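If you're matching positions, the sequence shown starts at 1 in this note's numbering and goes up one per residue.
Positions of the beta carbon are idealized from the N, C-alpha and C atoms, including for glycine.
Note that this is a predicted model, so its numbers are computed, not measured.
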Amino acid sequence: MAVALALALLSVPPDSGYLTVRSDRAGIPLYFDGDYLGTTPLDRRPVKAGEFSLVPCSSDSLENLYWRLRNAGLGAKLSALWALARIDAGTARVNVRPGTAATVALSGRDIDNAACRARWLVYGGTGAVFLTGVLAGVVIYALVS
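Structure follows, in structure tokens:
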């Protein structure tokens, strides 16, 4: 056991560190600097040192969502917006130092709730603008009458 651990530690380049990702949900896909790393939970995975993004989707998926935001109809644009909100909630900035372990905690619950929060912001903002217009109309009508 000790020999296997020593060999594993020796096989990691000196400019690398380790990444541990904890989550309240198993199976969240993880992309580290654009490369697929695995799924949660992740324990002491050797990675290159530096500052990187840990994202719960591939770059291809992001490009597809951005394309839908630019080119698709309103329903597909809103669907892409909700998906991007979920991705944003699951994205973390990670600073891995050589020879050390970085730990990141992701919340599957926050990822799931992000789309709902984005809907509330969009629909609530639209409703607020509508109600402001109605109130302004009522006030103007009362002043003119």
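Would you list the one or two residues that DSSP bridges to residue i?
{"i": "T132", "result": "DSSP output for T132 lists no bridge partner at all."}
{"i": "E51", "result": "N95"}
{"i": "A101", "result": "Y18"}
For residue i, which of helix, strand or coil comes out of DSSP?
{"i": "A118", "result": "helix"}
{"i": "S58", "result": "coil"}
{"i": "D35", "result": "strand"}
{"i": "R86", "result": "helix"}
{"i": "R70", "result": "helix"}
{"i": "G108", "result": "helix"}
{"i": "G27", "result": "coil"}
{"i": "S145", "result": "coil"}
By Cβ distance below 8 Å, which residues in the same chain neighbour residue i in space, the five residues on each side in sequence not counted?
{"i": "D43", "result": "T20"}
{"i": "G27", "result": "T39 and T40"}
{"i": "A72", "result": "A80"}
Note down the Cα distance separating residue i from residue j, rounded to an integer number of angstroms.
{"i": "L106", "j": "Y31", "result": "13 Å"}
{"i": "E63", "j": "D110", "result": "23 Å"}
{"i": "R119", "j": "W82", "result": "7 Å"}
{"i": "A92", "j": "L143", "result": "53 Å"}
{"i": "L84", "j": "G50", "result": "25 Å"}
{"i": "G75", "j": "D60", "result": "21 Å"}
{"i": "N95", "j": "Y36", "result": "18 Å"}
{"i": "F130", "j": "L54", "result": "39 Å"}
{"i": "W67", "j": "K77", "result": "9 Å"}
Using a Cβ-Cβ cut-off of 8 Å, state whether residue i counts as contacting chain C.
{"i": "S79", "result": "No chain C is part of this structure, which consists of one protein chain only."}
Report all residues from its chain with a CB closer than 7 Å to the CB of residue i; omit the five preceding and five following residues, and keep chain order.
{"i": "G133", "result": "none"}
Excluding five sequence neighbours on each side, which residues of the same chain lie with their C-beta closer than 6 Å to the C-beta of residue i?
{"i": "C57", "result": "I87"}
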